[in-house]
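Have a look at the structure below before the remarks.
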Amino acid sequence: MTGNCLGWVAYSYITLDWFVFFANGPGLILSIWLNMGAIKVEYLNRMTKQQQTRETFEPIRKESFVIDDDADEEEDACGTSDHHDSLSSSSALGYANLFSVSDKHGFHVIQILLFWLLILSIVELFPFSHDGKENIVGIVVNLNLLFFYGAPLSTINTVVTARNSSSIHRRTMILNTSNATFWFVYGCAILDPYIFLPNAIGVILGIIQGMLCVRFPAETSSTITQVEFKEQHGAGAGAGANEQEMETEENCII
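Position 248 (the sequence shown) corresponds to 249 in this note's numbering; numbering is contiguous.
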């Protein structure tokens, strides 16, 4: 979303199209805010997992420290210093690994920003004509938009294979298709192929998803199985039943 909105903002600067600018400018700001939230969530998940691991192995670590303390009394000051240096090094390595893993999403965002920085630098620093700049930015942003609209292709394959459209998010599909329809009409009105061609593909993909939702309705077999399970085993089925019910609920959400 960040790369797509950033590309269209750049395209609006070149073509002086204020409709494209005011549609994608707020989207660019919103995408940055969403990416910041995703980075925080990823970091929180990583920290939670590390905290759980630390709590699991804390008794073992304390026991090992008791043994090490008995051994350290027989060592000289140099040996003790080496031991603590080793612990400090391993801790530093652990925190370095923590931040490298938790910043994976942020690294992808930086890659997208660097990519567009390179494209815009080439367009502005080299002596391209106005039409040349429009063609370069238009082609690149169209490829980005096709990736955005092509994301449902894997979902379409899943729906056809499983004959179940529960993996299609209805509201997102409706909004994406409506958005592509409006931009397709606008692109046709101003005769801009960089606007109406990719959005025509988005409209087609949206129609295909809608047809699949009608052809393969979302099945509720998991929900029915959950209700039958509760009726058969009752409320006092025990911890094992509760775990199976939680697993069923997670599958329904996914």
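Heads up, the beta-carbon is just placed ideally off N, CA and C, and yes, glycines get one too. Computed from a predicted model, the values in this text were never measured in an experiment.
Query, Result
"Across the stretch 125 to 136 and the stretch 175 to 185, are there enough close Cβ pairs to call them in contact, namely three or more that are closer than 8 Å?", "no"
"Give me the residue from Leu-146, Gln-112, Leu-31, Met-37 with the minimum Cα distance to Asn-177.", "Leu-146"
"Below 8 Å, can you find three or more Cβ-Cβ pairs linking the stretch 2 to 20 to the stretch 131 to 149?", "yes"
"Grab me the residues of Gly-4's own chain with a C-beta within less than 6 Å of its C-beta, minus the 5 sequence neighbours each way, in chain order.", "Ile-113, Asn-145"
"Let's test the definition: count the other Cβ atoms within 10 Å of the Cβ of Ser-167 and tell me whether it reaches 16, buried, or not, exposed.", "buried"
"Quick check: the Cα distance between Phe-217 and Ser-179, rounded to an integer number of angstroms?", "22 Å"
"Once DSSP output is grouped into helix, strand and coil, what is the label at Leu-17?", "coil"
"CB His-106 to CB Ile-40, shorter than 8 Å?", "yes"
"How big is the Cα-Cα spacing for Cys-214 and Phe-149?", "20 Å"
"Go ahead and pull the three-state DSSP assignment for Asp-193.", "coil"
"Could you have a look at Phe-100 and say whether DSSP puts it in helix, strand or coil?", "Summary for Phe-100: the model assigns pLDDT 47, below 50, so the residue's position carries little reliability, and this model does not support an answer."
"Between which residues of its own chain and Trp-117 is the CB-CB distance below 6 Å, once the five residues before and five after are set aside?", "Leu-7"
"Would DSSP call His-131 helix, strand or coil?", "helix"
"Could you compute how far the alpha carbon of Pro-259 sits from the alpha carbon of Leu-206?", "Only positions 2 to 255 of the chain appear in the structure, and residue 259 is not among them; the question remains open."
"Under 8 Å, do Ile-196 and Gly-203 count as touching if we go by C-beta distance?", "no"
"Which residues bound the alpha helix (DSSP H) around Ile-120?", "105 to 126"
"So for Asn-165, helix, strand or coil by DSSP?", "coil"
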